[in-house]
Amino acid sequence: MRRREVREHVFRMLFFKDFHEGSELNEQIELYFDSFVEPIADDSANLSERFEMVLTKLDEIDQILTDAASGWKLNRMNKVDLTILRLAVFEMRFDEDIPVKVAINEAIELAKIFGGEESPGFINGVLAKLA
């Protein structure tokens, strides 16, 4: 599986986080994996591991975002934008394999696919402050 595909899957899995907690979140992730026509069993362990890595850093990521997104409270942000920002901050600050510019570019691409009309500009602005 290519990195972009992994990123999209992890984005979708992280999106569940704002709507489900604990065992319910785990159940939703299992249902997500079961929903594929072509099984991704070979990749599900990698995706789950990456998802868990982001979750373990979520408090730190949210604090970084709170400091960078002046004038925006996280609970008032569009959930898609917030999820993209969380993933991008993780990649920028905690994943040494991904260059910062790549993390920003990929976040903007996710925003173009999943976000609203103003999402790419908003995400670019917040991440530019962090870069």
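Sequence positions in the sequence shown follow our numbering and run 1239 to 1369.
Where is the CB? At the ideal position from N, CA and C, for every residue including glycine.
Terminal residues of the continuous alpha helix (DSSP H) containing residue i?
| i | result |
| --- | --- |
| F1328 | K1317 to F1332 |
| H1247 | R1241 to K1255 |
| N1313 | Counting along the chain, N1313 falls outside any alpha helix (DSSP H), and DSSP gives it neither H nor E. |
| F1360 | S1357 to L1368 |
| I1336 | Careful: I1336 lies outside any alpha helix (DSSP H) and carries neither H nor E. |
Can the beta-carbon of residue i be found closer than 8 Å to that of residue j?
| i | j | result |
| --- | --- | --- |
| E1283 | V1364 | It is worth fixing the name first, because residue 1283 is Ala in this sequence and not Glu. No, these two residues do not count as a Cβ contact at 8 Å. |
| L1368 | V1327 | yes |
| R1324 | V1292 | yes |
| N1316 | I1342 | no |
| L1285 | D1300 | no |
| R1242 | E1344 | yes |
| F1254 | L1263 | yes |
| P1337 | I1346 | no |
If you compare alpha carbons, which of the options is closest to residue i?
| i | options | result |
| --- | --- | --- |
| K1350 | M1239, E1329 and E1246 | E1246 |
| M1330 | G1354, R1314 and I1302 | I1302 |
| I1322 | H1258, I1267, L1296 and E1334 | L1296 |
| G1354 | V1244, L1320, D1333 and L1252 | L1320 |
Using a Cβ cut-off of 8 Å (strictly closer), state whether residue i contacts chain C.
| i | result |
| --- | --- |
| P1358 | Absent from the structure is chain C; it holds one protein chain and no more. |
If you reduce the DSSP assignment to three classes, tell me which class residue i lands in.
| i | result |
| --- | --- |
| E1262 | helix |
| S1273 | coil |
| K1295 | coil |
| S1286 | helix |
| A1345 | helix |
| A1306 | helix |
To the nearest whole angstrom, what separates the beta carbons of residue i and residue j, a pair I think is in contact under 8 Å?
| i | j | result |
| --- | --- | --- |
| F1289 | V1248 | 5 Å |
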